[in-house]
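Numbering (this note's numbering), first residue to last: 12 to 229.
Even for Gly, the Cβ is constructed at its ideal location relative to N, Cα and C.
Single-structure report; data block below.
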């Protein structure tokens with residue numbers, strides 16, 4: 012194999028590893044979450060759990076690994092609302108959903124369609140279903156999209172990593188950087204520095220690194 016081609020393969024493999032690690036953040040219990048799934052999401056299904064039953068939901072997946080999901084279930088015109096809470100985490104493109112009340116964990120395979128849509132397919136679920144394979148798509152809620160747009164549109168533009176740390180040092184006295192992660196939103200790369208303030212509170216600084224990201228490999 013020619014050296015330039017071999018180098019290209021090594022670079023692509025390394026870049027894939029970096030991006031994969033950046034997308035995952037650690038939560039309590041040593042588990043990790045795919046931060047692309049964080050936010051408020053809505054979805055629906057009909058006749059998959061039970062014939063003549065339709066369900067819609069709004070799920071809030073928090074970046075600390077907790078979730079809240081509100082179900083609205085309709086059976087022949089009779090509508091009921093229920094709320095469930097639990098913990099979630101991801102591993103190798105599998106989504107784990109532990110429910111506090113039932114003490115059971117549902118497992119799904121998930122596929123990121125784009126920034127605002129995620130497709131799920133059941134692997135193991137506690138509910139009995141009418142179908143062998145339960146599938147649905149979660150769509151990011153409008154308010155969640157608006158929040159993300161505002162956050163990333165106001166990201167601090169920098170020309171190198173050194174400027175990120177200088178900005179934090181100049182604007183956050185006695186703060187300690189505890190986590191650095193890479194995030195892609197709207198096709199652009201962002202660097203997120205999570206810092207612990209002197210008062211113990213946690214704060215995120217989001218930097219637009221599109222001016223230099225990837226150029227160091229050329």
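Spatial neighbours of residue 56 in its own chain (CB-CB distance under 6 Å, excluding positions within 5 residues in sequence) are listed in chain order as 66 and 147. Per the Cβ contact rule, the stretch 209–227 is in contact with the stretch 169–176 (3 or more Cβ pairs under 8 Å). The beta carbon of residue 105 lies closer than 8 Å to those of 118, 119, 120, 121 and 134 in the same chain, with the five residues before and after it left out. Burial is judged here by how many other beta carbons sit within 10 angstroms of a residue's own beta carbon; residue 94 has fewer than 16 and is exposed. Counting of Cβ neighbours within 10 angstroms places residue 115 among the exposed residues, the total staying below 16.
In the same chain as residue 124, and ignoring 5 residues on each side of it, the C-beta atoms closer than 8 Å to its own belong to 130 and 148, in chain order. The C-alpha of residue 204 lies about 16 Å from the C-alpha of residue 211. For the set 86, 69 and 128, the Cα lying nearest the Cα of residue 78 is the one of 69. Shown here for residue 190: same chain residues with a beta carbon closer than 6 Å to its own, the five before and five after excluded, namely 205 in chain order. Take the alpha-carbon of residue 132 and the one of residue 180: they are about 45 Å apart. A distance below 8 Å separates the beta carbons of residue 51 and residue 71. Within the stretch 153–221, the alpha helix (DSSP H) runs of at least 4 residues that lie entirely inside it are, in chain order, 153–164 and 172–182.
Boundaries of the beta strand (DSSP E) harbouring residue 97: 89–102, taken from the DSSP string. A residue is called buried once 16 or more other Cβ atoms fall within 10 Å of its Cβ, and residue 151 is buried on that count. Excluding the 5 residues flanking it on each side, residue 137 has same chain C-beta neighbours closer than 7 Å at 113, 115 and 117, in chain order. In the DSSP secondary-structure assignment, residue 77 is bridged to 98.
With a 10 Å radius around the Cβ and a threshold of 16 neighbouring Cβ atoms, residue 49 comes out buried. Separation of residue 209 and residue 110 (C-alpha to C-alpha, rounded to the nearest whole angstrom) is 35 Å.
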